[in-house]
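Q: The numbering used here puts the last residue of the sequence shown at 157; the count rises by one with no breaks.
Dumping the structure here so I can ask a few things about it.
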Amino acid sequence: MYYYYLITLAVLIVDQFTKWLVVQNMEIGEQITVIPNFLYWLSYRNNGAAWSILEGKMWLFYAITIIVVGIIIYIMQKYAKGHTLFSISLALILGGALGNFIDRVLHQEVVDFIATVWGNYHFPIFNIADASLSVGVVLMLIYVFLDDRKTKGTNS
């Protein structure tokens, strides 16, 4: 069970390292094209959530993160044993939550740098922690859907 915490640690290390690289090597607002018309590195700071909602409400992000981290650790310890997909999803969510929490505590803002464009739509700029959270939530939904189908299949 504890090896799932290694996933959390890996997310934290990659997240903090990539943010450090951006801060050390790019000016705020500087953009580097990775894949033309699709993917860019764009140095940005966000003191809110996606789309900069709740800007400056650090106390709210601290409280939410502490509560969510506590709940995730409790669930991982009590319910996730033997459920690989569920455990991985929780580990990814935990790593993402902690990655952005570290930024908020140390800098009062989050370093975002991954910018994507899909046609005329500019997706909100994000980072490795955000991606980890999103992938974790998607995997959890898949787990819940598959587990629900398995449960319904055995009760029929």
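Idealized CB from N, CA, C, for every residue including glycine.
Buried or exposed: Q25, going by 16 or more other Cβ atoms within 10 Å of its Cβ?
A: With fewer than 16 Cβ atoms within 10 Å of its Cβ, Q25 is classed as exposed.
Q: Okay, do the region 71-91 and the region 138-145 touch, 3+ Cβ pairs below 8 Å being the bar?
A: Judged by Cβ distances under 8 Å, the region 71-91 makes contact with the region 138-145, as three or more pairs qualify.
Q: Measure the alpha-carbon distance for R46 versus V111 and round it to whole angstroms.
A: Spanning the two alpha carbons is a distance of roughly 6 Å.
Q: With V23 and S44 assumed to form a contact (beta carbons below 8 Å), what rounded beta-carbon distance in angstroms separates them?
A: That pair is a contact at about 5 Å.
Q: Assuming N101 contacts I115 under a Cβ cut-off of 8 Å, what Cβ separation, rounded to an integer in Å, is found between them?
A: The Cβ separation is near 13 Å, so there is no contact.
Q: Excluding the five sequence neighbours on either side, which residues of its own chain have a C-beta within less than 7 Å of the C-beta of I94, listed in chain order?
A: Here the set comprises I73, L134, G137 and V138.
Q: Considering Q17, what are the terminal residues of the alpha helix (DSSP H) in which it resides?
A: Counting along the chain, the alpha helix (DSSP H) containing Q17 begins and ends at Y5 to N26.
Q: Can you tell me where the beta strand (DSSP E) holding N47 begins and where it ends?
A: It spans L40 to N47 - the beta strand (DSSP E) in which N47 sits, taken as one unbroken run.
Q: Run through DSSP, which three-state label would I36 get?
A: Note: I36 maps to strand in three-state DSSP.
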